[in-house]
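Protein chains in written order, with the numbering used here: chain A, 1 to 261; chain B, 1001 to 1562.
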């Protein structure tokens, strides 16, 4: 039986009385480009934090490449790359210094680091700012650097929390190509994004979470069929599926700020 | 359909050009006061926040005592100066007040909480209102409170001696106080502006260091008993007094001559206040117009050979693995944080001063052997922020530690090894300076101090690792002053250092009373074993400690790229 790249079983996370994620069970097969969607506050970031070791679940288990995150998290982390919500950059290093630091933290050989760092900087169009500290980078540049750091060790699973937010169109194309190349080579990508068009274009599988509960999960085609069954049979966009599943269109109709120009 | 109100809303009534006491501005002041109270209320919800508040109350209690002491001292000084008709002594007191107001806060930046008002600029707040708020926050500054207390004491003392002089002294002191308030705010605003750019920050750091060195060395130099200095001062007294007549303290004192002199003095003080206000206005004006300061301008790409050269530290075999990576990263951060470098240099200066006093003939004797243990204590003092807030410089990078395959234990070990290296270098430097100044009088004290370090190093590192996780605060190298949330950490680290130093002193004292100082050595070694065991246990559990506090840790430290 093939081991899932990512697997959660009955995962719940509470913050005091508030339940951020409730009884979440999902599987992501190796090689899948998986989009994790949900409205603000639905529990996306909490889920990705638990999957990447930034947060412990209140109950349930999480496994990445077969490694239990609670008991064998280090082994899982060796094979995963992460671009978390806050990017996790060290502001007072230069881009090259940061990448070398990350490479060493993942145990890469000095020669490999020496080869990959300039290559990644060129690829991300960051090579012409050798002396600039990361703290002086624009948000888009910081995002590209965080992505470079997430892939420097050649991870098998990549977790990306809003990877395209603040990235210019040219860089976005480059990044998409890079991510698709990784998928083609057998990597698994778990991505959250608010830009549904990007998810629709990139992801083969999508899960939607609302108020901490998983409300849809499957391939794009499966979701389309599920939602369209009560409709005309027209091919639905991901936005239509999303709004149907989370019920957004009804909220739109319900409220209006009359004093806004 | 839900409809949320109607009408044009309050936005139409507010405008950037509103007067400082307009309805819109008053609403904004009220909102800010309310926000500060709300923040204060919310801060005590957590035990750490409550402790931080307690530490602030303690700090303010200490400042209040300082203020009271200053007011009393200045009061008595002014009383005797006026009663004995040494009005010129008033000028000295006024210079002292000016120094307290302007220089002391720069030297003791860690006592000053930094409140960043630039975040208010996204609201439609007028320039006048923004400037007024900047000044009001300045009124709460320790320097202003101490300076005001000194001037109030001076006025009371002089008034008791001669009530009639209050007629001219009070308006002159009021103008002098306003000038000082405006000047100190201008100084801090400009320093913050220079700190915002890397190059100017480095230049300012050197100037700051030289300033400190100058002040620290001034005392022994002036008290060195040299006849040359006395002769120089005597010869130039007239020139200095003539110049002083036109400086703010001199203008206050000369206001007492009455008539035209009073008018000239008050006008002069007003001019000084306007000049300081203009300096401040210039800075605030640029802030208000949305000045954007970058850390460093983009520079031309350097050659790959040069980049390779700079990378030697990362790939050299000197330090290997994740511990080496942390070591190198910490070294790079230190090289880019002049505040931390200054805190390492300060103990050396203290030892220079300390040993200079010792070498002065007739000075209160400070036994030379005590220079060794005291130098060690100073060395620890210089490393307080690094040891007790070792995650504080990492900012959002902290999250990386939790997502990387490196256990936090290894990260803390790397940091501890770097800090240990720094501490050893610091100790060698401190003792070398001490040896050059006073010589090696007592090898026994050196050996015993080394034994004491066997206990003090693991003890302080253990406490440092715990506090770094339990009570961290984000350090900002581009702002002058104590970062928000640093109070609890500072107070606790001070307490730990007092306890460790106190234990060391108690062991020395006990051995001294038993008639054999060498008895302290085994006692320190036993304490050292206990401290080392505690260190390894805490290091082993550091992952668990951090995991329990991961949310507040990331919340406190990972908000912005620092």
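Cβ atoms here follow ideal geometry from the backbone N, Cα and C, with glycine treated the same way.
If you check the beta carbons only, do residue 1471 (chain B) and residue 1048 (chain B) fall under 7 angstroms apart?
-> Against the second chain, residue 1471 (chain B) aligns to sequence position 471. Against the second chain, residue 1048 (chain B) aligns to sequence position 48. Against a cut-off of 7 angstroms, the Cβ pair of residue 1048 (chain B) and residue 1471 (chain B) comes out as a contact.
Output, in sequence order along the chain, the residues in the segment 1327-1338 of chain B whose CB is closer than 8 angstroms to any CB in chain E.
-> Of the protein chains in this structure, namely A and B, none is chain E.
Alpha carbon to alpha carbon, what distance is there between residue 1139 (chain B) and residue 192 (chain A)?
-> Along the first chain, read from residue 1 onward, the residue named residue 192 (chain A) stands at position 192. Along the second chain, read from residue 1 onward, the residue named residue 1139 (chain B) stands at position 139. The straight-line gap from Cα to Cα measures roughly 48 angstroms.
May I ask you to verify whether the segment 91-101 of chain A touches the segment 45-57 of chain A, counting CB pairs closer than 8 angstroms and requiring at least 3?
-> no
Scan the segment 1365-1395 of chain B for residues whose Cβ lies nearer than 8 angstroms to a Cβ of chain A and list them as they occur along the chain.
-> 1393, 1394, 1395
By the 10 Å Cβ neighbour count, where 16 or more other Cβ atoms means buried, how is residue 1388 (chain B) classified, buried or exposed?
-> In the second chain, counting from the first residue as 1, residue 1388 (chain B) sits at position 388. Per the 10 Å Cβ criterion, buried.
Same chain, Cβ closer than 7 angstroms to residue 1444 (chain B), five either side skipped, listed in chain order = Walking along the second chain from the start, residue 1444 (chain B) turns up at place 444. Here the set comprises 1517.
Going along the segment 1404-1438 of chain B in order, which residues come within less than 7 angstroms of chain A, judged by CB to CB distance?
-> Here the close residues are 1404, 1405, 1406, 1407.
Under 7 angstroms between beta-carbons, which chain B residues line up against residue 77 (chain A)? List them in chain order, please.
-> Mapped onto the first chain, residue 77 (chain A) falls at position 77. By Cβ distance, chain B contributes 1403, 1404, 1405.
Nearest to residue 1453 (chain B) by CA position, among B:1254, B:1160, B:1520, B:1101, is which residue?
-> The residue given as residue 1453 (chain B) occupies position 453 in the second chain. Closest by alpha carbon: B:1520.
Closest Cβ-Cβ distance between residue 18 (chain A) and chain B: below 7 angstroms?
-> In the first chain, residue 18 (chain A) corresponds to position 18, counting from 1. For residue 18 (chain A), the answer is no, since every Cβ of chain B falls outside 7 angstroms of its Cβ.
Excluding five sequence neighbours on each side, which residues of the same chain lie with their C-beta closer than 7 angstroms to the C-beta of residue 1167 (chain B)?
-> Mapped onto the second chain, residue 1167 (chain B) falls at position 167. Nothing meets the Cβ criterion.
Residue 1060 (chain B) CB to nearest heavy atom of the ligand NAP below 6 angstroms | As for the ligand NAP, it is missing from this structure, which has no ligand bound.
Mind listing which residues of the segment 61-90 of chain A have their C-beta closer than 7 angstroms to chain B's C-betas, in chain order?
-> 74, 77, 78, 82, 84, 86, 87, 88, 89, 90
Helix, strand or coil at residue 1462 (chain B) [DSSP, three-state] | By 1-based counting over the second chain, the position of residue 1462 (chain B) is 462. Helix.
Determine whether the Cβ of residue 1508 (chain B) lies closer than 7 angstroms to any Cβ atom of chain A.
-> As a position in the second chain, residue 1508 (chain B) is number 508, starting the count at 1. No, because no Cβ of chain A sits closer than 7 angstroms to the Cβ of residue 1508 (chain B).
Look at the alpha carbon of residue 1129 (chain B) and the alpha carbon of residue 1182 (chain B), and state the distance between them as a whole number of angstroms.
-> In the second chain, the residue the question calls residue 1129 (chain B) occupies position 129. In the second chain, the residue the question calls residue 1182 (chain B) occupies position 182. Roughly 16 angstroms between the two C-alpha positions.
Going by alpha carbons, who is nearest to residue 1207 (chain B) out of B:1171, B:1339, B:1262, B:1253?
-> In the second chain, counting from the first residue as 1, residue 1207 (chain B) sits at position 207. Among B:1171, B:1339, B:1262, B:1253, the Cα nearest to that of residue 1207 (chain B) is on B:1339.
Using a Cβ-Cβ cut-off of less than 9 angstroms, give me the residues of the segment 88-121 of chain A that come near chain B, in sequence order.
-> 88, 89, 90, 91, 92, 93, 94, 96, 97, 98, 100, 101, 102, 103, 104, 105, 106, 107, 110, 111, 113, 114, 117, 118
Simplified DSSP state of residue 211 (chain A), which is helix, strand or coil = Along the first chain, read from residue 1 onward, the residue named residue 211 (chain A) stands at position 211. Residue 211 (chain A): coil per DSSP, three-state reduction.
Chain A within 7 angstroms of residue 1474 (chain B), Cβ atoms only | Position 474 of the second chain, counting from 1, holds the residue named residue 1474 (chain B). Closer than 7 angstroms: no.
Within chain A, partners of residue 1049 (chain B) - CB distance below 7 angstroms | Residue 1049 (chain B) sits at position 49 when you count from the first residue of the second chain. Simply none; closest approach about 16 angstroms.
Starting from the C-beta of residue 1532 (chain B), find all residues in its chain whose C-beta is less than 6 angstroms away, skip the five residues before and the five after it, and write them out in chain order.
-> Against the second chain, residue 1532 (chain B) aligns to sequence position 532. These residues qualify, in order along the chain: 1458.
Tell me whether the beta-carbon of residue 1351 (chain B) lies closer than 7 angstroms to the beta-carbon of residue 1250 (chain B).
-> Here residue 1351 (chain B) refers to the residue found at position 351 when the second chain is read from its first residue. Here residue 1250 (chain B) refers to the residue found at position 250 when the second chain is read from its first residue. No, the Cβ-Cβ distance between residue 1351 (chain B) and residue 1250 (chain B) is not below 7 angstroms.
Of the residues B:1031, B:1507, B:1285, the one placed nearest residue 1373 (chain B), counting alpha carbons only | For the purposes of this step, residue 1373 (chain B) is identified with residue 373 of the second chain, where counting begins at 1. Among B:1031, B:1507, B:1285, the Cα nearest to that of residue 1373 (chain B) is on B:1507.
Tell me residue 15 (chain A)'s beta-bridge partners as DSSP assigns them.
-> Translated into positions along the first chain, residue 15 (chain A) becomes position 15. BP columns for residue 15 (chain A) point to A:18.
Between which two residues does the alpha helix (DSSP H) containing residue 1418 (chain B) stretch?
-> Position 418 of the second chain holds residue 1418 (chain B). Counting along the chain, the alpha helix (DSSP H) containing residue 1418 (chain B) begins and ends at 1408-1438.
Taking only beta-carbon positions, decide if residue 54 (chain A) is within less than 7 angstroms of chain B.
-> Taking the first chain and counting its residues from 1, one reaches residue 54 (chain A) at position 54. So yes, residue 54 (chain A) belongs to the interface.
Does any CB atom of chain A fall closer than 7 angstroms to the CB of residue 1188 (chain B)?
-> The count along the second chain starts at 1 and reaches residue 1188 (chain B) at position 188. Not one chain A Cβ lies under 7 angstroms of residue 1188 (chain B).
Report yes or no: is there a C-beta of chain A within less than 7 angstroms of the C-beta of residue 1081 (chain B)?
-> Position 81 of the second chain, counting from 1, holds the residue named residue 1081 (chain B). Output row for residue 1081 (chain B): interface = no.
Just checking, does the segment 1491-1511 of chain B make contact with the segment 1412-1420 of chain B on the three C-beta pairs under 8 angstroms criterion?
-> no
How is the alpha helix (DSSP H) around residue 64 (chain A) delimited, first residue to last?
-> Taking the first residue of the first chain as position 1, residue 64 (chain A) is located at position 64. From DSSP, residue 64 (chain A) is part of no alpha helix (DSSP H) but of the beta strand (DSSP E) over 59-64.
Consult DSSP for residue 1365 (chain B) and reduce its assignment to one of helix, strand or coil.
-> Start at 1 with the first residue of the second chain, and residue 1365 (chain B) comes out as number 365. Note that residue 1365 (chain B) has pLDDT 45, beneath the 50 cutoff, so the model's placement of it is unreliable and the number below is only indicative. Looking at residue 1365 (chain B) - three-state DSSP - the assignment turns out to be coil, as it is neither helix nor strand.
DSSP state of residue 216 (chain A), grouped into three classes?
-> Reading the first chain from its first residue, position 216 is the one you call residue 216 (chain A). DSSP places residue 216 (chain A) in strand when its eight states are reduced to three.
When B:1466, B:1159, B:1155, B:1451 are compared against residue 1176 (chain B), the one with the closest alpha-carbon = Start at 1 with the first residue of the second chain, and residue 1176 (chain B) comes out as number 176. For residue 1176 (chain B), the closest of B:1466, B:1159, B:1155, B:1451 by C-alpha to C-alpha distance is B:1155.
How do the segment 109-118 of chain A and the segment 178-189 of chain A stand: do at least 3 beta-carbon pairs fall below 8 angstroms, yes or no?
-> no
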